[in-house]
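**Student:** Residue numbers (UniProt numbering): 1 to 169. C-beta: ideal position from N, C-alpha, C; glycine also. Here you go, one structure.
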């Protein structure tokens with residue numbers, strides 16, 4: 001480091017928070033507070049930062065109002081207990097099967113699941129789908145007719161038989 005600062009001048013290079021009393025992390029030649037360091041590290045790893053503890057979320061985050069949380073950090077304000085994911089959807093709305101976020105706009109209900117309009121897509125080619133498109137279920141996800149036609153004949157026969165057994169067309 002080999003530099004001297006007034007305590008009030010020694011600030012995080014990103015958020016400008018005074019670092020004298022809270023400590024810092026040196027990151028690529030910058031002096032960062034821990035929350036900014038964690039955000040930069042998470043961004044580089046393509047991960048989320050928990051809005052409660054400000055640590056990197058390695059597992060699937062729980063998203064509430066577009067903010068990510070560790071699932072075990074998201075507690076009911078009234079009961080101080082962990083909110084069970086199914087209860088979360090009952091309290092705050094449908095959760096998209098694909099992105100696990102609360103759906104704030106229109107909901108696509110297909111394959112006994114809820115989807116964001118933007119997330120409802122062919123799981124093979126990622127072409128956006130609507131309920132007007134023809135698609136089949138494969139591995140609990142939609143597959144467009146074009147991709148389905150490329151499936152091996154034996155697989156298509158098994159899927160058709162399974163759909164008939166379950167009472168679907």
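Measuring straight from C-alpha to C-alpha, what distance separates residue 106 and residue 93?
**Tutor:** Here residue 106 is taken as the residue at index 106 of the chain shown, counted from 1. Here residue 93 is taken as the residue at index 93 of the chain shown, counted from 1. Approximately 11 Å, taken between the alpha carbons.
**Student:** Is residue 144 helix, strand or coil when you go by DSSP?
**Tutor:** To locate residue 144, count along the chain shown from 1; it is residue 144. In this structure, residue 144 counts as strand in the three-state DSSP scheme.
**Student:** Between the Cα of residue 124 and those of 112, 114, 109, 140, spot the shortest distance and give me the residue it belongs to.
**Tutor:** Your numbering for residue 124 matches position 124 in the chain shown. With distances taken between Cα atoms, residue 124 lies closest to 140.
**Student:** Measuring CB atoms only, is the segment 27-34 touching the segment 3-17, in the sense that at least three cross pairs come out at less than 8 Å?
**Tutor:** Touching, per the Cβ criterion.
**Student:** Leaving aside the five residues before and after residue 26 along the sequence, list all residues of the same chain whose C-beta is less than 7 Å from its C-beta, in chain order.
**Tutor:** What you label residue 26 is simply residue 26 of the chain shown in a count that begins at 1. Same-chain partners within the cutoff: there are none.
**Student:** Enumerated in chain order, which unbroken segments of the alpha helix (DSSP H) with a length of 4 residues or greater are wholly contained in the UniProt domain "LIM zinc-binding" (94-154)?
**Tutor:** Counting only runs of 4 or more, we get 145-149.
**Student:** I'd like the span of the alpha helix (DSSP H) that includes residue 45, first residue to last.
**Tutor:** Here the question's residue 45 lines up with position 45 in the chain shown. Here the alpha helix (DSSP H) through residue 45 covers 34-45.
**Student:** Distance, Cα to Cα, residue 56 vs residue 155?
**Tutor:** Position 56 of the chain shown holds residue 56. Position 155 of the chain shown holds residue 155. If you take the alpha carbons of residue 56 and residue 155, they lie about 40 Å apart.
**Student:** Tell me which same chain residues have a C-beta within less than 6 Å of the C-beta of residue 7, skipping the five on either side of it?
**Tutor:** In the chain shown, the residue the question calls residue 7 occupies position 7. Closer than 6 Å at the Cβ level, and outside the excluded window around residue 7, lie 20.
**Student:** For residue 5, count the other beta carbons within 10 Å of its own beta carbon; 16 or more makes it buried, fewer makes it exposed. Which is it?
**Tutor:** Here residue 5 refers to the residue found at position 5 of the chain shown. Result: exposed.
**Student:** Which residues bound the beta strand (DSSP E) around residue 63?
**Tutor:** Within the chain shown, residue 63 is the residue found at index 63, counting from 1. Residue 63 -> beta strand (DSSP E) spans 62-64.
**Student:** Thinking C-alpha only, which one of 136, 144, 66 is nearest residue 164?
**Tutor:** Here residue 164 is taken as the residue at index 164 of the chain shown, counted from 1. Cα-wise, what sits closest to residue 164 is 136.
**Student:** By the 10 Å Cβ neighbour count, where 16 or more other Cβ atoms means buried, how is residue 28 classified, buried or exposed?
**Tutor:** Mapped onto the chain shown, residue 28 falls at position 28. Exposed, because fewer than 16 other Cβ atoms sit within 10 Å of the Cβ of residue 28.
**Student:** The beta strand (DSSP E) spanning residue 26 covers which residue range?
**Tutor:** For the purposes of this step, residue 26 is taken as residue 26 along the chain shown, with counting starting at 1. Counting along the chain, the beta strand (DSSP E) containing residue 26 begins and ends at 25-27.
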